[in-house]
Structure formats: structure tokens, C-alpha cells
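Some notes on the structure that comes next.
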Amino acid sequence: MTEPAVHEVSRIGLGTNRLRNTDENVAFIRAVVDAGVQTIDTAHLYTGGESEKAIGRALSSTPSGVIVATKGGYDAGRGKPELLRQEIEQSLASLRVARIALYYLHRVDPETPIEESLGAIKEYVDRGVIERVGVSKVDIPLIERARKIVPIAAVQNEYNLAERTYDDVVDYCAREGIVFVPYYPLGADPGRALGEIADRHQATPRQVMLAWLLKRSPAMLPIPGTLSLSHLRENLGALSLELSDAEFDVLARG
54 MTEPAVHEVS RIGLGTNRLR NTDENVAFIR AVVDAGVQTI DTAHLYTGGE SEKAIGRALS
114 STPSGVIVAT KGGYDAGRGK PELLRQEIEQ SLASLRVARI ALYYLHRVDP ETPIEESLGA
174 IKEYVDRGVI ERVGVSKVDI PLIERARKIV PIAAVQNEYN LAERTYDDVV DYCAREGIVF
234 VPYYPLGADP GRALGEIADR HQATPRQVML AWLLKRSPAM LPIPGTLSLS HLRENLGALS
294 LELSDAEFDV LARG
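Position in the sequence shown (first residue = 1) + 53 = our numbering.
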């Protein structure tokens, strides 16, 4: 079954960098999907591999319309093709899938050209084992190098109200039809303006931060991490929060 394109899913997903492989968290992941989340983000290294295993237990038969994205090659030296292949195989086993919907090169290895790392990932794309490929913590020149090796469906960089180093990458992704996945989307400290806007909309500051990201770019797909179903539902509430242009600008100015 072909996975849905990333740009066709609900625009707020779930980050799972703190997810442990417990019965409680397996039930949580199932509830997350029932709540309407369609993108679940994990990585080979998250909680020592427990995050992938919990998701694999919860979604051993991945529901239609749900994308589970994972990553490999985080530490220096781990972008070597032979090590990436090992991590991909482990992720397949932990997630209990025959195909990974979206696989990121977690970091560009300072010891390995990005072309070599992505070449190893492309082998799995060519075999139909990886559906789509993403890259993380990259600038535009690196994205363009990556796209010469394999089509890039998603870019994952740190981005939020307070951290906008990658403004140019956000705009590039929107122009090029690439999904931009901001990690630490709630990393900004709530200020007075944020609180006032939240009160005006009868919303929470977290919801306003996420609504600002969604308005910032049509390519944006935040993945706030949580282990709480109530926080998850709060995050999803941002999907129906419409900021005015003036409110957006006030927040953008900080």
C-alpha cells in the first residue's frame, strides 16, 4: 500500500524523542492515531531505540493514512554507508514494517560526504524499502546537494518563534514543494504579546505558537513532542486557530 504524501496529512504531528517502550506508551500511540495524528516522528537513537520499538508494538500494522518517519546517522562517523545500512535494518525490525514511509539522514556526517550517506539510503529507496527521504539540520546548499542524489520530501530543522536561523530554508521548501518539519516548535518563551493574543482567541500560548508556525508557511508541519494525551489534543487545537496578519507580525517581531 502506498503511503500518503507528507503534504497530504494533518499539519501537526507527534515527536517521540522521550517515548519509552512501555505498555502505557503503546496505548498512548494508539490513542494518538485515534485522535487524528497522521505523522509520528522518531529516530534510531531516541531513548536508546525504545521509541521505535514502542511505535512498532502499537502500530505493527500501520493504519492507512499514517506516516511513521524515522532517522539514522546522527553521530559523527554514523553516516558511513555500512553503518547507515545497519541502522536502517534495525529500524525496520523495531518498527515491525517492511517499508519505512519517510527516512531522514539525521545529521550530515562530518566524516562522510552527504552524497555517500544518501547513496546508501537511496539503495533502500530503489528496493522499495524506503518510500521517501528527508534530511535534517541542513542549509540550502546541502539540500541542493542532497537532491542530486535522491528526491527530498522533507527537511527537519530547529525552528520556532524565537529561533529563526533557517528562515531561508523555510521559504526554499515552500517554493520547492518540500515539507518543512520544525523541531522544538514550542521552544520560545511565552511573552506578553503571546499571552494577550492567546487570551483574545481563548487559546493557550502553545496553540498560538503552533498557529504562528502554520501561518508562517504552507510547507510547515510541526511535530511537538508529548507523552500526554491532553497536551496532544491541545496541540491539535492549533489547527483551527486563525491568527490575523497583524497578530502574526507582532509575534514575528518578538
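In this text, a Cβ means the ideal position worked out from N, Cα and C, and glycines have one as well. Source: prediction; values computed, not measured.
| Query | Result |
| --- | --- |
| Between the Cα of residue 158 and the Cα atoms of 149, 183, 81, which residue gives the shortest distance? | 183 |
| Please report the distance separating the alpha-carbon of residue 70 from that of residue 95. | 6 Å |
| Please name the residue or residues paired with residue 124 in a DSSP beta bridge. | 157 |
| Answer yes if the region 215–223 comes into contact with the region 172–186, meaning at least three C-beta pairs across the two stretches below 8 Å, and no otherwise. | no |
| Using a Cβ-Cβ cut-off of 8 Å (strictly less than) and excluding sequence neighbours within five positions of residue 73, which residues of its own chain qualify? | 100, 103, 104, 107 |
| Is the separation between the beta-carbon of residue 165 and that of residue 133 shorter than 7 Å? | yes |
| Would residue 186 and residue 174 be called neighbours here (beta carbons separated by less than 7 Å)? | yes |
| At the level of alpha carbons, what is the spacing between residue 225 and residue 213? | 17 Å |
| Just reading off the beta strand (DSSP E) that residue 225 is part of, what are its end residues? | Segment 220–229 is the alpha helix (DSSP H) holding residue 225; no beta strand (DSSP E) there. |
| For the alpha helix (DSSP H) holding residue 109, just list the boundary residues, first then last. | 103–111 |
| On the DSSP bridge list, what partners appear for residue 185? | 155 |
| Three or more C-beta pairs closer than 8 Å, one from the region 257–267 and one from the region 288–298: is that the case here? | yes |
| Cα separation between residue 89 and residue 278? | 15 Å |
| Quick one, which of 197, 85, 303, 97 has its alpha-carbon nearest residue 140's? | 97 |
| Considering residue 232, what are the terminal residues of the beta strand (DSSP E) in which it resides? | 232–236 |
| What number of angstroms, rounded off, separates the C-alpha of residue 65 from the C-alpha of residue 238? | 10 Å |
| Flag this pair as yes or no: are the beta carbons of residue 91 and residue 119 separated by less than 7 Å? | yes |
| Any C-beta of chain D sitting closer than 7 Å to the C-beta of residue 190? | The structure shown contains no chain D; it holds only a single protein chain. |
| By the 10 Å Cβ neighbour count, where 16 or more other Cβ atoms means buried, how is residue 144 classified, buried or exposed? | buried |
| With the cut-off set at 7 Å, would you say residue 189 and residue 227 are in Cβ contact? | no |
| When burial is assigned at 16 or more other CB atoms within 10 Å of the CB, is residue 194 buried or exposed? | exposed |
| Could you tell me how far apart the beta carbons of residue 272 and residue 231 are, in whole angstroms, since I believe they sit closer than 8 Å? | 7 Å |
| Take residue 295 and list the residues in its own chain whose beta-carbon comes closer than 6 Å to its own, dropping the five residues that flank it on each side. | none |
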